[in-house]
Amino acid sequence: MFRTLDVFDTEYSADSVEWCPAEDFQNIFACGTYQLTEKDEKDNLGPEDDKKKRIGRIYLFQVTQIDEDPKLSKLQQIEVAAVLDMKWAHVRCLGDRILLGVVNAAGFLQIYELTKSSTEAPSLSLVSEVSIGEDDGEDRLALSLDWSTGRRFDLEDQDVEITVSDSGGSISVFKLEDGGKSLERVHFWKAHAFEAWITAFDYWHTNVVYSGGDDCKFLCFDTRTGPKPTMTCRVHEAGVTSLHSNWEREYSLVSGSYDEIVRIWDTRQLRRPLGELSLGGGVWRLKWDPREARLLLAAGMYNGFFVVDCDIEQSPKLVAEYKEHKSIAYGCDWSFAKRNDKELLLATCSFYDHALKLSSVELSDDA
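Heads up: the sequence shown begins at 1 in the UniProt record's numbering, then just goes up one per residue.
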């Protein structure tokens, strides 16, 4: 059962929420927004001005009194190009840094670092950015990203990479070095005929990259063998919008689609899903819970937010739903901060009503 704890008006349309996983900062999260200016909705502008019409903000929040009466405290507000997706590196990396990746409507991948001094509150600062379209000259919206760090292991001898999808249907993989200040594109390929809504690493085998597109295709690539997909799945009946590898179960992957169905996959056999569950709304975002990676938090667009129990992968079941938002349910994430054994903390956001909500969900003993 969900309980709303606090709300915030983001002013611009909200589409992304991401909790910081780093120890000592797990009461921190970021929220991204996307707004079309009135001028650009009326005018027929060219590509250069088209970039300017999509504006956004990155908010940084701290949740206070987590154990008693949790409340939102805004720490920072950054004016940026419209945000399409954000994700934190799953662990401190590249010199013990806490890094947030952001992709935006101007076609950039940006890396922000979270820092805190003894006298100042935590804050984000931009350390690097790269255009995802610079190699071919095309104007692209950067749509989604994922880090290769999902297993949360020691990264001393591992490359840190980010995969990015774009509105031209392509996938890029960038390697990070020099504390995140250096972003080198190491792979780039055309994957989909239309928008590539989502890309994700296989956290257990980070040479494997998945993608989903508006062409209804779910694809698998191996960066060691080139740009041709190693698997093409056409099971989804509409655009593929969400993919998330399970950091606890090696061969488990989940997908979401405009066809309103959550599908659970065995990555050794990607022709047919292990289990399915319809949510009654397009599945824009899926997040495994940070404790056991057994529960899924889902953004169901026009039908609200859901928690799905995937302990039995062949029979996923709905255990909670949240209907407090009045517009499109886009952004959602679990907090890494622990309140108690049965109550989990979440943040959700919705689009046209520009609403951000802090809530908790209490699960029954059999969930």
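Every residue, glycine too, gets a C-beta built ideally from N, C-alpha and C.
Here GLY256 carries a strand assignment [DSSP, helix/strand/coil]. Excluding sequence positions up to five before and after LEU356, its CB lies within less than 6 Å of the CB of PHE8, THR10, ALA14, CYS31, CYS349, all in the same chain and listed in chain order. Rounded to the nearest angstrom, the Cβ distance from GLY213 to VAL254 is 17 Å, too far for a contact under 8 Å.
Residue environment for GLU161: buried (at least 16 other C-beta atoms within 10 angstroms of its C-beta). For MET86, the enclosing beta strand (DSSP E) has its first and last residue at 83 to 88. Residue nearest to LEU99 within the set PHE108, MET86, GLY107, ALA106 is MET86 (criterion: CA-CA distance). Annotated as proximal: GLU138 and GLY168, with beta-carbon spacing under 8 Å. For ALA81 and GLY304, the gap between their C-alpha atoms comes out near 26 Å.
Out of SER125, ALA106, THR149, LEU60, the CA that lies nearest to the CA of CYS93 is found in THR149.
The segment 332 to 347 makes contact with the segment 289 to 299; the number of CB pairs closer than 8 Å reaches 3 or more.
VAL209 is the residue among GLN76, VAL209, ASP178 whose C-alpha sits nearest the C-alpha of SER165.
Straight-line spacing of the CA atoms in LEU286 and SER242 works out to 6 Å.
Ranked by how close their Cα comes to the Cα of ASP259, the residues PHE351, PHE194, TRP284, ASP309 have TRP284 in first place. Closest option to LEU363, judged by alpha-carbon separation, among ILE58, THR37, ASN340, LEU274: ASN340. For GLN269, no beta strand (DSSP E) segment is defined, and its DSSP state is neither H nor E. By a beta-carbon distance limit of 8 Å, VAL186 does not contact PHE201. Their separation comes to about 13 Å. Apart from sequence neighbours up to five positions away, the residues of its chain that approach ARG224 with a beta-carbon distance below 6 Å are ASN207, ordered along the chain. Ranked by how close their Cα comes to the Cα of GLU113, the residues ALA105, VAL127, TYR34, CYS216 have VAL127 in first place. If you look at TYR112, you'll find it in the beta strand (DSSP E) that goes 108 to 115.
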